[in-house]
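*Asks:* Quick one: the structure is below, questions incoming.
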Amino acid sequence: MNKIKKIDEVMELIKDGQTIMFGGFLGVGTAETIVDAIVKKGVKDLTIICNDTAFVDKGVGKLVANRQVKRAIVSHIGTNPETGRQMNCGEMEVELVPQGTLVERIRAYGAGLGGVLTPTGIGTVVEEGKTVLEIDGKKYILEKPLRADIAILKGSRVDKKGNIWYSKTTRNFNPIMAMAADIVIVEAEKLVEVGEIEPENVVTPHILVDYIVEGGER
Amino acid sequence: MNKIKKIDEVMELIKDGQTIMFGGFLGVGTAETIVDAIVKKGVKDLTIICNDTAFVDKGVGKLVANRQVKRAIVSHIGTNPETGRQMNCGEMEVELVPQGTLVERIRAYGAGLGGVLTPTGIGTVVEEGKTVLEIDGKKYILEKPLRADIAILKGSRVDKKGNIWYSKTTRNFNPIMAMAADIVIVEAEKLVEVGEIEPENVVTPHILVDYIVEGGER
Amino acid sequence: MIDKERVREVIAKRVAKEFKDGDVVNLGIGLPTEVANYIDKDVEVILQSENGFIGLGPAPEEGKEDKDLVNAGAKFVTIKEGGACFDSAMSFAIIRGGHVDATVLGALQVDEEGNLANWMIPGKMVPGMGGAMDLVVGAKRVIIAMEHTAKGAPKILKKCTLPLTAAKEVNLIVTEMGVIEVTEKGLVLKEIAPDTTVEEVLRATEANLIISPELKVMEV
Amino acid sequence: MIDKERVREVIAKRVAKEFKDGDVVNLGIGLPTEVANYIDKDVEVILQSENGFIGLGPAPEEGKEDKDLVNAGAKFVTIKEGGACFDSAMSFAIIRGGHVDATVLGALQVDEEGNLANWMIPGKMVPGMGGAMDLVVGAKRVIIAMEHTAKGAPKILKKCTLPLTAAKEVNLIVTEMGVIEVTEKGLVLKEIAPDTTVEEVLRATEANLIISPELKVMEV
C-alpha cells in the first residue's frame with residue numbers, strides 16, 4: 009500500500025459540498041499546500057470544521073476569502089474580518105462552538121461515543137435548543153458528535169506508512185480529526201523513513217491515515 | 009517544589025478506606041515498588057480501580073491476595089483466582105466494567121465531563137439499572153465518571169519535574185488516571201534530568217504529578 | 002473426526018483468508034491468536050492489541066523478551082517496524098470508533114440474530130468482559146472462530162441462553178464444519194468442510210440454517 | 002486620573018500577587034498576558050496555553066522565532082525547559098477538568114452573581130468564544146483583570162446585559178480602582194487603590210458593593 013500521492017491526485021477527492029476538517033490553530037498546524045490547492049481547484053459550498061477561520065491570507069482563511077465556504081463550525085472568527093462580513097450579509101453560516109466542546113465533539117465521533125456531556129455553556133446562549141441533563145446535581149449540555157468527509161492534517165514528521173509526529177503547537181486539533189473523517193490526508197512537512205519515529209512517540213498511528221502529500225517547510 | 013520523595017514519605021498518604029487507581033494491564037505498567045509498600049503497610053478496605061486484578065503475585069493482585077481490597081472496579085479478574093474466590097464468598101465486591109468504558113469513565117472525571125455515552129453494553133447486563141439515551145436513532149448507555157483519592161502510576165522515564173514517558177505497553181491506563189485523582193504519585197523506573205524528554209514526547213505533563221518515587225527496573 | 006489441533010488449524014486458516022491488504026485486525030486470546038500464523042504473505046494485516054499498540058508481531062526469541070512489551074494476554078510479543086503505542090483511551094477510541102476492520106473472537110454461544118455470549122457462565126466462570134464488549138460493538142466485522150460444538154452440544158443456537166457480550170453484532174462464524182454468515186434473513190451456511198455433509202452440520206447446529214444456493218467447499 | 006499604560010500596569014501587577022508557587026495559570030489575550038511580567042521571581046507559576054502546551058515562556062528574541070511555537074493569540078513565544086506539548090483534547094481536558102489553578106481574563110461586564118460577559122456584543126462584535134467558556138467553567142479560580150469602567154460607564158453591574166460567557170464562575174475582579182471578591186453574599190470590596198476613595202469606587206460601580214471591614218490599600 010503506497011499512501012504517498014501527488015497533490016493533484018488527492019485533489020480528485022475534494023468535491024463541492026463536502027464537509028472538511030482542517031487541523032490548525034490560527035493557521036499554525038494547517039496544511040497550507042493542500043489549502044492552496046483547494047483554493048486553486050475552486051470547489052464550492054464547503055462546510056469547514058476548524059478551530060477558527062485563521063487569517064484572510066493564512067490557513068483556512070484563504071478558503072473563506074475565496075468564497076468557497078458555505079458553513080463554518082469553529083470556536084473563533086475574530087482574526088478573519090472576511091468571515092464576519094460574509095456572516096453578517098448572509099453569504100456564509102457560522103456555528104460558534106466553545107473550543108473545548110468543539111474538540112470533544114470531534115473526538116466523540118472518532119471514538120464511537122454518542123455525544124459529549126459538558127458543563128461548558130450552561131447558562132449561556134450555547135445551551136439554547138440543546139438537551140441539558142442533570143447528573144448527580146450538576147447540569148451538563150449534551151453536545152452531538154461531529155464528523156467529516158475529509159480530514160486534512162499537517163504533520164511535522166510523517167513516515168512513509170503514515171505515522172505522524174507534530175512539532176510544538178502544530179498538534180492542536182490534528183490528531184483528533186484524524187479519527188473523525190471518512191478519508192484522512194496528511195501534508196508532511198518532512199517525510200521520513202518508517203522506523204524514524206519511535207513507536208512511543210507516534211502521535212497519530214498510521215492506520216488512521218489514508219494519503220500522504222509532501223508539503224515542505226512553510 | 010521538590011516532588012521527589014522517599015517511599016516511606018508517600019506511604020503516609022495511603023490510608024484505610026481510600027479509593028486508589030493503579031495503572032497497569034495484567035501488571036505491566038504497574039508501580040510494583042509502591043504496591044509492595046502498600047502490602048507492607050497493610051492498609052485495609054481499599055477500593056481499587058485498575059484494568060484488572062493482575063496475578064496473585066504481580067501488580068495489584070498482591071493487594072487482593074493480602075486481603076486489603078474491599079471493592080475492585082475492573083474489566084477482568086480471570087487471571088487472579090483469589091479475586092474470584094473472595095468475590096464468591098462475599099469477602100470482596102467486584103464491579104466489572106467493559107475496558108473501553110472503564111478508561112472513558114476515568115477520562116470523563118479527569119476531563120470535567122458529566123459522563124460517557126457509549127454503545128458498549130447495550131442489550132447486555134451492563135445496561136441494567138443505568139440510563140439509556142437514544143441519540144439520532146442509536147442507543148447509548150450513560151456511564152458515570154470515576155475518580156480516586158490517589159492515582160499510582162508507573163513511568164518508564166520521569167524527569168525531576170514529573171514529566172512522564174512510558175515505554176511500549178506500560179502506558180495503558182496510566183496517563184488517563186493521572187487526570188482523575190486528588191493526589192498523583194508516580195514510580196519512576198528511571199529518573200532523568202528536566203529537558204531529557206522532548207516537550208512533544210512528554211505523555212503526562214508534570215502539572216498532573218504530585219510526587220515521584222524512584223523504583224528502578226523491575 | 003479430526004483431532005483438536007487439526008480443528009484449530011482448519012478454523013484459523015480459514016479465518017485468515019478473510020483479510021485484505023491493509024486491514025486492521027484485533028485477534029482475541031486463544032484460537033483467534035493463531036490466525037496470525039496463516040495470513041498470506043502478500044497481505045499486510047496490521048494487528049491491534051487492545052492493551053495499547055498496533056503492529057503486533059510474533060513472540061520474541063527466547064532471551065529477547067522485553068518486559069514492557071506484551072499482548073492483551075500478558076504474553077511477550079514484538080512490535081513490527083512502523084508500529085505505534087498509545088494509551089487505553091486511544092486504544093478503545095480506535096476500537097469503538099470503527100477504526101478496526103475486523104475482530105476475531107471465540108464464543109460460548111452465538112444465535113440466529115448474531116447475538117454473542119462469550120464472557121461468563123453465571124455461578125461458574127466470571128472472568129469479566131475485558132475489552133470484548135467494546136471490540137464486538139466497535140469493529141466493522143465481528144468474526145467468531147470456534148469449534149462447532151462443545152462436548153457434542155451445539156453452540157450455534159436459536160437464542161443465546163448465557164448473558165450476552167453484545168446484541169446483533171456478529172457477522173461471520175467460522176468452525177471446523179463450515180462458514181456461516183449472519184444475514185438479515187438468518188444464518189446462511191456458505192461453505193462446508195470437505196468430507197462433511199449438510200446433514201451433519203444441521204445436526205450439530207440448533208439454529209435454523211439457510212443453505213446458500215452457492216454452497217462451496219471450505220478451503221482448509 | 003492615571004494614564005492608560007499605568008492603569009494596565011497597576012492591574013497586571015496586582016493580579017500577579019494572586020499566585021503561589023507551582024500554580025498552573027492560563028492568561029487570556031491582551032492585558033492578562035502582561036501579568037506574566039510581574040510574577041515574583043521566587044514564585045514558579047506554570048503557564049498553560051490552550052493551543053496546546055504548558056511552560057509558556059516570553060517572546061523570543063528577534064530572528065529566533067519558531068514558526069511552530071505560538072501562543073493562543075498566534076504570537077511567537079518560547080517554551081520553558083520542562084514544558085510539554087499536547088493536543089487540543091488534552092488541553093481542554095486539563096482546563097475543564099480543574100487542573101488549571103487560575104485563569105485571568107478581561108471582561109465586558111461582570112455582575113453581582115459572578116456572571117461574566119466577555120465574548121460578544123450582538124450585532125456588533127461576534128468574534129466567537131474561543132476557549133473562554135471552557136476556561137471560565139473549568140479553572141479553579143477565575144480572575145477578571147479589567148479597567149473599572151468603559152468610557153466612564155460601569156462594567157461591574159447588578160446584572161449583565163450582554164450574552165454571558167458563563168454563569169456564576171467569577172471569583173475575583175481586579176481593576177485600577179480596587180480588588181473585589183465575589184462571595185455568596187455579593188461583591189466585597191477588599192482593597193482600594195491609593196489616592197482613591199470608597200465613594201469614587203461606588204460611583205464607578207453599578208453593582209452593590211459590600212465594603213470589607215478589613216479594607217486594605219492595594220499595593221501597586
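So the protein sequences, as listed, match chains A, B, C and D.
Residue numbers 9 to 226, in the numbering used here, belong to the letters of the first sequence in order.
Residue numbers 9 to 226, in the numbering used here, belong to the letters of the second sequence in order.
Residue numbers 2 to 221, in the numbering used here, belong to the letters of the third sequence in order.
Residue numbers 2 to 221, in the numbering used here, belong to the letters of the fourth sequence in order.
By construction, the Cβ of each residue, glycine as well, lies at the ideal position given by its N, Cα and C atoms.
Is the number of C-beta pairs between the region 87-107 of chain A and the region 96-106 of chain B that are closer than 8 Å three or more?
*Replies:* With a cut-off of 8 Å, the region 96-106 of chain B and the region 87-107 of chain A do not count as touching, because too few Cβ pairs lie within range.
*Asks:* Got a sec: is the Cβ-Cβ distance from residue 129/A to anything in chain B below 7 Å?
*Replies:* No, residue 129/A does not count as interfacial toward chain B.
*Asks:* In terms of alpha-carbon separation, which member of 149/D, 133/D and 151/D lies closest to residue 143/D?
*Replies:* Ranking the options by Cα distance to residue 143/D, first place goes to 133/D.
*Asks:* Please decide whether residue 126/A counts as near chain B, where near means a Cβ-Cβ distance under 7 Å.
*Replies:* Closer than 7 Å to some Cβ of chain B, the Cβ of residue 126/A qualifies, so yes.
*Asks:* Are at least three pairs of beta-carbons, each pair with one atom in the region 189-198 of chain A and one in the region 25-43 of chain A, less than 8 Å apart?
*Replies:* Yes, the region 189-198 of chain A is in contact with the region 25-43 of chain A.
*Asks:* Name the residue from 14/A, 9/A, 19/A and 10/A whose alpha carbon lies nearest to the alpha carbon of residue 159/A.
*Replies:* With distances taken between Cα atoms, residue 159/A lies closest to 19/A.
*Asks:* For residue 88/C, which of 57/B, 107/B and 124/B has the nearest alpha-carbon?
*Replies:* Nearest option by C-alpha distance: 107/B.
*Asks:* Could you name the residues of the same chain whose beta carbon sits closer than 7 Å to that of residue 61/B, not counting the 5 residues immediately before and after it, in chain order?
*Replies:* Only 68, 69, 72, 80, 82, 85, 88 and 91 meet the Cβ criterion.
*Asks:* For residue 20/D, which of helix, strand or coil comes out of DSSP?
*Replies:* Here residue 20/D sits in coil by DSSP.
*Asks:* Since residue 123/A meets chain B, which of its residues come closer than 7 Å, beta carbon to beta carbon?
*Replies:* By Cβ distance, chain B contributes 125 and 143.
*Asks:* Identify the residues that DSSP records as bridge partners of residue 60/A: which are they?
*Replies:* Answer is 84/A, bridged to residue 60/A.
*Asks:* Smallest Cα separation from residue 95/A: which of 67/D, 151/D, 125/D and 118/D?
*Replies:* Taking only the C-alpha atoms, the option nearest residue 95/A is 125/D.
*Asks:* Mapping DSSP to helix, strand and coil, what is residue 174/B?
*Replies:* Here residue 174/B sits in coil by DSSP.
*Asks:* Of all Cβ atoms in chain B, is any one closer than 7 Å to the Cβ of residue 82/D?
*Replies:* Output row for residue 82/D: interface = yes.
*Asks:* Compare the C-beta of residue 97/D with all C-beta atoms of chain B and state if any pair is closer than 7 Å.
*Replies:* Taking Cβ atoms only, chain B reaches closer than 7 Å to residue 97/D, which makes this a yes.
*Asks:* What are the residues of the region 150-179 of chain A that lie near chain D, defined by any Cβ-Cβ distance shorter than 9 Å?
*Replies:* So the list reads 164, 174, 175, 176, 177, 178 and 179, given in the order they occur along the chain.
*Asks:* Between the region 111-124 of chain C and chain B, which residues of the former have CB atoms less than 7 Å from a CB of the latter, in chain order?
*Replies:* Flagged: no residues at all.
*Asks:* Along the chain, which unbroken stretches of the alpha helix (DSSP H) at least 4 residues long are found entirely within the region 45-105 of chain C?
*Replies:* Correct list: 89-97.
*Asks:* If you draw a straight line from the alpha carbon of residue 36/D to that of residue 18/D, how long is it in whole angstroms?
*Replies:* Rounded to whole angstroms, residue 36/D to residue 18/D spans 9 Å at the Cα level.
*Asks:* Please compile the residues from chain B whose C-beta is within a distance smaller than 7 Å of the C-beta of residue 138/A.
*Replies:* Correct list: empty, because the minimum Cβ distance to chain B is about 12 Å.
*Asks:* Comparing alpha-carbon positions, which option in 210/D, 84/D and 156/D lies nearest residue 181/D?
*Replies:* Looking at the Cα atoms, 210/D is the closest of the given residues.
*Asks:* Mind listing which residues of the region 18-32 of chain C have their C-beta closer than 9 Å to chain A's C-betas, in chain order?
*Replies:* From the region 18-32 of chain C, only 22, 23 and 25 have a Cβ closer than 9 Å to chain A.
*Asks:* Touch check for the region 138-153 of chain A and the region 120-132 of chain B: three-plus C-beta pairs under 8 Å?
*Replies:* Contact between the region 138-153 of chain A and the region 120-132 of chain B is present, because at least three Cβ pairs lie under 8 Å.
*Asks:* How would you list, in chain order, the residues of chain D whose beta-carbon sits under 9 Å from the beta-carbon of residue 9/B?
*Replies:* Under the 9 Å cutoff, chain D gives 22, 23 and 45.
*Asks:* The beta strand (DSSP E) that contains residue 179/D, what's its start and end?
*Replies:* 179-184 is the extent of the beta strand (DSSP E) around residue 179/D.
*Asks:* Based on Cα-Cα distance, which residue from 130/D, 71/D and 116/D lies nearest to residue 131/A?
*Replies:* For the residues 130/D, 71/D and 116/D, the minimum Cα distance to residue 131/A belongs to 116/D.
*Asks:* Could you check whether the Cβ of residue 202/B sits closer than 7 Å to any Cβ belonging to chain D?
*Replies:* It does: the Cβ of residue 202/B has a partner Cβ on chain D nearer than 7 Å.
*Asks:* Can you look up residue 7/B in the DSSP assignment and give me helix, strand or coil?
*Replies:* The structure shown does not extend to residue 7/B, since chain B spans only 9 to 226, so no value can be given for it.
*Asks:* Who are the near neighbours of residue 53/B in its chain, counting only those whose CB is closer than 6 Å to its CB and skipping five residues on each side?
*Replies:* Within the same chain, residue 53/B has close Cβ partners 24, 25 and 78.
*Asks:* Residue 162/C: which of 207/C, 30/C, 57/C and 177/C sits nearest, CA to CA?
*Replies:* Checking every option, the nearest Cα to that of residue 162/C belongs to 207/C.
*Asks:* Grouping DSSP H, G and I as helix and E and B as strand, with all else coil, what is residue 162/C?
*Replies:* DSSP places residue 162/C in coil when its eight states are reduced to three.
*Asks:* Could you check where the beta strand (DSSP E) with residue 214/D kicks off and where it finishes?
*Replies:* Counting along the chain, the beta strand (DSSP E) containing residue 214/D begins and ends at 210-218.
*Asks:* Terminal residues of the continuous beta strand (DSSP E) containing residue 27/D?
*Replies:* Element bounds for residue 27/D: 25-28.
*Asks:* How would you write the range of the beta strand (DSSP E) that residue 41/D sits in, first residue to last?
*Replies:* No beta strand (DSSP E) holds residue 41/D; DSSP gives it neither H nor E.
*Asks:* Judging by CA-CA distance, which residue of 164/A, 133/A, 129/A and 134/A is the nearest neighbour of residue 205/A?
*Replies:* Minimum Cα distance to residue 205/A is reached at 164/A.
*Asks:* 7 Å is my cut-off, CB to CB: does residue 187/A come that close to chain C?
*Replies:* Yes, contact with chain C.
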